[in-house]
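Residue numbers (our numbering): -11 to 281.
Take a look at the structure set out below.
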């Protein structure tokens, strides 16, 4: 009984080492091309070595090349530096687009009358003033971030900085009259008339009151062809009811440069004139106090 396992191992060892002759013959003439002596053990070692070598080559390819990204569970794709950088850029672009959309919507709502500007009070509350100040600062910051795009806008910002107008009171700023003519309707914010109506001859060019960047150049139902400009020192100007617009969004304009042609567009217009609005720190102000028409 004890010799039986030993005999079995001996027979298995003999079979593995038993030589076999592999002869290769030509099919047509049966001429011997080659002959090889093999044993099952040698054949097993050869096949195993080939398989191990292939496994090593495949493993090296996976480890040292991007192929590993296609293997489920191998590493964390979210930790790829390129993907992280792309995600950061996409997030920044989404934030900028959202800020631009919010600010554009606010400007459009103001122009169409959906949002009424606050009326000056003799004794406004400190809480209300604080909230309004924060809102004005945020809106101004959003505007600067959104519309100073491209090299041209950066150059315009540098020019404005060199003029040293930032921080000046509104009374010390110089405004070019958008048009010379008779004022037919004055500044009446309590009646939702946040600017001046100025009469002028047909085809009179409308001029920018200060250097700035066009933030709105579009048509609305009530105000017709409307153009808005963001200036330095938290000043904005709007020109409404024009017959045509000469500047597009993002355009840099100089003081006195023609930006539109006077007209009679929009449902709120009853004749050819310019409706001009001047905004300072988020509130409309009376243009006649600062501009000689």
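The beta carbon of each residue, even a glycine, is placed where N, CA and C say it ideally should be.
- beta strand (DSSP E) segment containing residue 32, residue limits: Segment 28 to 52 is the alpha helix (DSSP H) holding residue 32; no beta strand (DSSP E) there.
- Looking at C-alpha atoms only, which residue of 3, 24, 7 and 4 is the closest neighbour of residue 13? Closest in C-alpha terms to residue 13, from the list 3, 24, 7 and 4, comes 24.
- Item | First through last residue of the beta strand (DSSP E) which encompasses residue 218 | Boundaries of the beta strand (DSSP E) around residue 218: 212 to 219.
- Query: Excluding five sequence neighbours on each side, which residues of the same chain lie with their C-beta closer than 6 angstroms to the C-beta of residue 228?
  - Reply: Around residue 228: 211, 214 and 263.
- Would you call the CB atoms of residue 203 and residue 186 closer than 8 angstroms? Taking 8 angstroms as the cut-off, the Cβ atoms of residue 203 and residue 186 do not count as close.
- Is there contact between the segment 246 to 254 and the segment 176 to 183, where contact requires at least three CB pairs shorter than 8 angstroms? No contact exists between the segment 246 to 254 and the segment 176 to 183.
- So, residue 197 versus residue 240, is the Cβ gap smaller than 8 angstroms? Not in contact: residue 197 and residue 240 (Cβ atoms no closer than 8 angstroms).
- Can you grab the Cα-Cα spacing for the pair residue 5 / residue 69, in whole Å? Distance from the CA of residue 5 to the CA of residue 69, rounded to the nearest whole angstrom, comes to 56 angstroms.
- Message: Within a Cβ cutoff of 8 angstroms, which residues of the same chain sit near residue 190, ignoring the five residues on either side of it in sequence?
- Response: If the five residues before and after residue 190 are omitted, its C-beta is found closer than 8 angstroms to the C-beta atoms of 250 and 260, all from its own chain and listed in chain order.
- Task: Can you have a look at residue 207 and say buried or exposed, based on whether 16 or more other CB atoms are within 10 angstroms of its CB?
- Result: In the assembly as shown, residue 207 is an exposed residue. Its beta-carbon has fewer than 16 other beta-carbons within 10 Å.
- In whole angstroms, what separates the C-alpha of residue 279 from that of residue 233? The C-alpha of residue 233 is placed about 22 angstroms away from the C-alpha of residue 279.
- Message: Assuming residue 271 is part of the beta strand (DSSP E), what are its boundary residues?
- Response: Membership of residue 271 in the beta strand (DSSP E) is indicated by the continuous run 271 to 273.
- Delimiting residues of the beta strand (DSSP E) encompassing residue 16: It is not in any beta strand (DSSP E) - residue 16 carries neither H nor E in the DSSP assignment.
- Three-state class that DSSP yields for residue 279 in the structure shown: Residue 279 falls in the coil class under three-state DSSP.
- Message: Tell me the DSSP secondary structure of residue 162 in three-state form.
- Response: If DSSP states are grouped into helix, strand and coil, residue 162 belongs with coil.
- Item | Status (buried if at least 16 other CB within 10 Å, exposed otherwise) for residue 184 | Buried, because 16 or more other Cβ atoms sit within 10 Å of the Cβ of residue 184.
- Message: Relative to the C-alpha of residue 3, which candidate in -6, 29, 21 and 16 has its C-alpha closest?
- Response: Restricting attention to -6, 29, 21 and 16, the CA atom closest to the CA of residue 3 is found in 29.
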